[in-house]
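Here the structure is laid out as structure tokens; the discussion comes afterwards.
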Amino acid sequence: MELVSIIVPVYNVEKYLSECIESLINQTYKEIEIILIDDGSTDFSGKICDDYSKKDQRIKVIHKNNEGLSQTRNMGIEIAIGNYICFVDSDDIVSPRYCEILYNLLNDTNYDFSVCNTYRFIDGEKIELLNNKNLTTVISNRDYFSNQINKKTEFGVWNKLFKKQSLNNIRFKKNKLHEDVIFSADLFINLSNGVIITDSQLYYYRQRENSIVHSKSQKSCIDFIYAGRYLIKTSTDYCPELNKECLFYAINYPWSFVDNIYLQRSFFLNKNFLEDLQKLIKDYKKEYSSLVYIDKIKKNRIMLFGSSKFLYFFNVYLRLLRVYIYRILHIDPYKDGHGV
Numbered sequence: 000m001e002l003v004s005i006i007v008p009v010y011n012v013e014k015y016l017s018e019c020i021e022s023l024i025n026q027t028y029k030e031i032e033i034i035l036i037d038d039g040s041t042d043f044s045g046k047i048c049d050d051y052s053k054k055d056q057r058i059k060v061i062h063k064n065n066e067g068l069s070q071t072r073n074m075g076i077e078i079a080i081g082n083y084i085c086f087v088d089s090d091d092i093v094s095p096r097y098c099e100i101l102y103n104l105l106n107d108t109n110y111d112f113s114v115c116n117t118y119r120f121i122d123g124e125k126i127e128l129l130n131n132k133n134l135t136t137v138i139s140n141r142d143y144f145s146n147q148i149n150k151k152t153e154f155g156v157w158n159k160l161f162k163k164q165s166l167n168n169i170r171f172k173k174n175k176l177h178e179d180v181i182f183s184a185d186l187f188i189n190l191s192n193g194v195i196i197t198d199s200q201l202y203y204y205r206q207r208e209n210s211i212v213h214s215k216s217q218k219s220c221i222d223f224i225y226a227g228r229y230l231i232k233t234s235t236d237y238c239p240e241l242n243k244e245c246l247f248y249a250i251n252y253p254w255s256f257v258d259n260i261y262l263q264r265s266f267f268l269n270k271n272f273l274e275d276l277q278k279l280i281k282d283y284k285k286e287y288s289s290l291v292y293i294d295k296i297k298k299n300r301i302m303l304f305g306s307s308k309f310l311y312f313f314n315v316y317l318r319l320l321r322v323y324i325y326r327i328l329h330i331d332p333y334k335d336g337h338g339v
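Note that numbering that gives the first Met the number 0 has the sequence shown beginning at 0, numbered continuously upward.
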């Protein structure tokens, strides 16, 4: 049996961290090293890591200044000594057989990585462990990338086990959210030996309301434009037959932030995001308008948004909408730092 390195970036997750670590300690596959990287936490997360390292010699703890998820994962790859690597988010949990099943699928094969199903649950919801048939499928890297673009499977890296050698030339993009989208594109570019998949739900993904990406923060919106362009470039350079799918995903996903302008806190979308999205639509207006499987009304709205004059009026509309909402909520925008 070979060593599996489990990389766990940790940042201000004291509420969930013990549950995550316990699920790793209790793996049926025992040849593991658990690398807990404290990314400058300001709560008790670092202490929790240290306490567990005293109980289990398989746990390594690194404390560092805050740099973000990508840099932390990259550090984990450099530190890992196992021939296999997986990534677990510190507020999630995994099945006891997570490593065992993914390792057995990948060991003694030429495949680049193995993949399991993910069980998503809302924070506070009771988790029901599921009995799966453990059916396996083998597909090409191209088809797996296509499935990700078409939302048939996850972009996330946390439901996968990689051969370490497969990651020799691949790292996470620094200082970017949606880093898993870019990382997945790089996997497609660099790897070609196929992917083996099990239907077993071995990874339990906790959906928190205040998570960075889920909240549609301004940085999240802007960074997705970057990730979308990266997908389009990847398909153009390496797999032109996926151009339409990449274009659809790259434009429609960030457009949903604008389309839901009345919902949640979407009215705080900033000017940089709107300008970046408009430029993306302008750059690919001809190609996007040729897509036949998009609702015609929605396509027309997006094309209108891509016109040069529209953004000016849309920004005026946003300012008026903000003033209206602030008045309803009795908020002083300047006092609270939002501005109008």
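All C-beta atoms, glycine included, are put in the ideal place defined by N, C-alpha and C.
Problem set entry | According to DSSP, residues forming a beta bridge with P8 | As a working mapping, residue 8 is identified with position 9 in the sequence shown. The partner list for P8 (beta bridge, DSSP) reads I36.
Exercise. Cα separation between I80 and K278?
Worked result: Locating residue 80 in the sequence shown gives position 81, counting from the first residue. Locating residue 278 in the sequence shown gives position 279, counting from the first residue. Their backbone Cα atoms lie some 44 Å apart in a straight line.
Problem set entry | Under the three-state DSSP convention, the category P332 falls into | Within the sequence shown, residue 332 is the residue found at index 333, counting from 1. Confidence is the limiting factor: at P332 the pLDDT is only 47, short of 50, which leaves the residue's position unreliable and the question unanswerable from this model.
Exercise. Excluding five sequence neighbours on each side, which residues of the same chain lie with their C-beta closer than 6 Å to the C-beta of V180?
Worked result: Here residue 180 refers to the residue found at position 181 of the sequence shown. So the qualifying residues of the chain are F154 and A226.
Exercise. Fully enclosed by the region 186 to 256, which alpha helix (DSSP H) runs are 4 residues long or longer?
Worked result: 217 to 237
Exercise. At which residues does the alpha helix (DSSP H) containing I148 begin and terminate?
Worked result: Taking the sequence shown and counting its residues from 1, one reaches residue 148 at position 149. N140 to I148 is the extent of the alpha helix (DSSP H) around I148.
Problem set entry | Close Cβ partners of F120 (< 8 Å) along its chain, the five nearest in sequence each way excluded | As a first step, residue 120 must be located in the sequence shown, where it is residue number 121. Counting only Cβ-Cβ distances below 8 Å, and skipping sequence neighbours, we find I126, Y203, Y204, R205 and Q206.
Problem set entry | Nearest-angstrom Cα separation, counted from S183 out to N167 | Your numbering for residue 167 matches position 168 in the sequence shown. Your numbering for residue 183 matches position 184 in the sequence shown. Distance between the alpha carbons of N167 and S183 is about 14 Å.
For this session: Report yes or no: do the region 46 to 65 and the region 137 to 153 share at least 3 C-beta pairs separated by less than 8 Å?
Result: no
Exercise. Mind checking C19: buried by the 16 CB within 10 Å criterion, or exposed?
Worked result: Taking the sequence shown and counting its residues from 1, one reaches residue 19 at position 20. Under the 10 Å beta carbon count, C19 is surrounded by 16 or more other beta carbons and is classified as buried.
Exercise. Hey, out of N140, S219, D90 and P239, whose CA is closest to E360's CA?
Worked result: The question about residue 360 has no answer, for the chain in this structure spans 0 to 339.
Exercise. Leaving out five residues before and five after D275 in sequence, what residues of the same chain have Cβ atoms less than 7 Å from its Cβ?
Worked result: Along the sequence shown, one-based indexing puts residue 275 at 276. So the list reads I221 and I224, once near-sequence residues are dropped.
Problem set entry | For K162, the three-state DSSP class (helix, strand or coil) | Working through the sequence shown from its first residue, we reach residue 162 at position 163. Reduced to three states, the DSSP call for K162 is strand.
Problem set entry | CA-to-CA distance, D90 to G123, given in whole angstroms | Sequence index remark: in the sequence shown, residue 123 carries index 124 (1-based). Sequence index remark: in the sequence shown, residue 90 carries index 91 (1-based). Near 12 Å, if we compare the C-alpha coordinates of D90 and G123.
Exercise. Exposed or buried, which one is I5 when buried takes at least 16 other CB atoms within 10 Å?
Worked result: Position 6 of the sequence shown holds residue 5. Within a 10 Å sphere around the beta-carbon of I5 sit 16 or more other beta-carbons, which makes this residue buried.
For this session: Have a look at R141, V60, S165 and N271 and flag the residue whose alpha-carbon is nearest the alpha-carbon of I34.
Result: The count along the sequence shown starts at 1 and reaches residue 34 at position 35. It is V60.
Exercise. So, S69 versus K232, is the Cβ gap smaller than 9 Å?
Worked result: Position 70 of the sequence shown, counted from the start, is the residue given in the question as residue 69. Position 233 of the sequence shown, counted from the start, is the residue given in the question as residue 232. Result no, Cβ atoms of S69 and K232 do not sit closer than 9 Å.
For this session: Let me know the secondary structure DSSP gives Q263 once reduced to three states.
Result: To locate residue 263, count along the sequence shown from 1; it is residue 264. Its pLDDT being 47, under 50, Q263 is placed unreliably by the model, and nothing is read from it.
For this session: Specify the secondary structure class of I296 as computed by DSSP and reduced to three states.
Result: As a working note, residue 296 is residue 297 in the sequence shown. Interpretation of I296 is limited by its pLDDT of 47, a score under 50 that renders its predicted location unreliable; no figure is taken from the coordinates.
Problem set entry | S113, enclosing beta strand (DSSP E) - first and last residue | As a first step, residue 113 is located in the sequence shown; it is residue number 114 there, counting from the start. S113 -> beta strand (DSSP E) spans F112 to I121.
Exercise. Rounded to a whole number of angstroms, what is the C-alpha to C-alpha distance between E178 and D37?
Worked result: Taking the first residue of the sequence shown as 1, we reach residue 178 at position 179. Taking the first residue of the sequence shown as 1, we reach residue 37 at position 38. If I take the Cα positions, the gap works out to 19 Å.
Exercise. If you drop the 5 nearest sequence neighbours on each side, which residues of the same chain put their C-beta closer than 8 Å to that of R43?
Worked result: Locating residue 43 in the sequence shown gives position 44, where the first residue counts as 1. Reading off the sequence, residue 43 comes out as Phe, not Arg. Excluding positions up to five away in sequence, the list reads E13.
Exercise. How is I169 classed by DSSP in three states: helix, strand or coil?
Worked result: Here residue 169 refers to the residue found at position 170 of the sequence shown. Correct three-state label for I169: coil.
For this session: Could you spell out where the beta strand (DSSP E) holding K151 opens and where it closes?
Result: As a working mapping, residue 151 is identified with position 152 in the sequence shown. Here K151 belongs to no beta strand (DSSP E), and DSSP marks it neither H nor E.
For this session: Can you tell me which of the three DSSP states I76 falls into?
Result: The count along the sequence shown starts at 1 and reaches residue 76 at position 77. In this structure, I76 counts as helix in the three-state DSSP scheme.
Exercise. Using DSSP with H/G/I as helix, E/B as strand and the rest coil, what is Y83?
Worked result: Counted from its first residue, the sequence shown places residue 83 at position 84. Note: Y83 maps to strand in three-state DSSP.
Problem set entry | Nearest neighbour of E1, chosen from G67, Y237, K162 and N73 [CA to CA] | Mapped onto the sequence shown, residue 1 falls at position 2. Of the candidates G67, Y237, K162 and N73, the one whose C-alpha sits nearest the C-alpha of E1 is K162.
Exercise. Do I196 and S113 have their C-beta atoms closer together than 9 Å?
Worked result: Here residue 196 refers to the residue found at position 197 of the sequence shown. Here residue 113 refers to the residue found at position 114 of the sequence shown. Contact flag set, yes.
Problem set entry | Own chain partners of K218 with C-beta closer than 7 Å, once the 5 adjacent residues on each side are dropped | Taking the first residue of the sequence shown as 1, we reach residue 218 at position 219. Apart from sequence neighbours up to five positions away, the residues of its chain that approach K218 with a beta-carbon distance below 7 Å are L176, ordered along the chain.
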